[in-house]
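Residue numbers (our numbering): 5 to 128.
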């Protein structure tokens, strides 16, 4: 566990605040989401397309409407109320998003690309 993981773990909740005022934010999937999951901590994240997809699908936290203070307060309260449920989801997601798993997929992909008889110019 590195320093970032320890800080997330001490706080018990991670925030992913983004504004909805540029395309970069709308389609961002920040590393801090995966860092929080790795640290075993639920998130309160801005309700933007890519974040929404992961947070809802994995159940790792709550979402708030960027720029809406009341929405943020509700999301934090919901994260507190559902903390145990989110912790269980984070534990499952941490396995799915682990470097060990990703490394295995990458190794398999590279082996397929480097298999005997396959030339670098070949599309098959």
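Virtual Cβ for every residue (Gly too), placed ideally from N, Cα, C.
This one's a predicted model, so the numbers in the text were calculated from it and none came from an experiment.
Backbone secondary structure at residue i - three-state DSSP
| i | result |
| --- | --- |
| residue 32 | coil |
Close-in-space but distant-in-sequence residues of the same chain around residue i (CB under 8 Å, 5 per side omitted)
| i | result |
| --- | --- |
| residue 32 | 22, 52, 54, 55 |
| residue 118 | none |
For residue j and residue i, the rounded distance between their alpha carbons
| i | j | result |
| --- | --- | --- |
| residue 90 | residue 39 | 15 Å |
| residue 77 | residue 66 | 11 Å |
| residue 75 | residue 103 | 33 Å |
| residue 85 | residue 92 | 14 Å |
| residue 98 | residue 44 | 7 Å |
| residue 87 | residue 115 | 41 Å |
Extent of the continuous alpha helix (DSSP H) run through residue i
| i | result |
| --- | --- |
| residue 58 | 53-62 |
Neighbourhood of residue i by C-beta, 7 Å cutoff - its chain only, sequence neighbours within 5 removed
| i | result |
| --- | --- |
| residue 80 | 48 |
Residue span of the beta strand (DSSP E) that contains residue i, given as start and end
| i | result |
| --- | --- |
| residue 66 | 65-68 |
| residue 95 | Here residue 95 belongs to no beta strand (DSSP E); instead the alpha helix (DSSP H) covers 87-100. |
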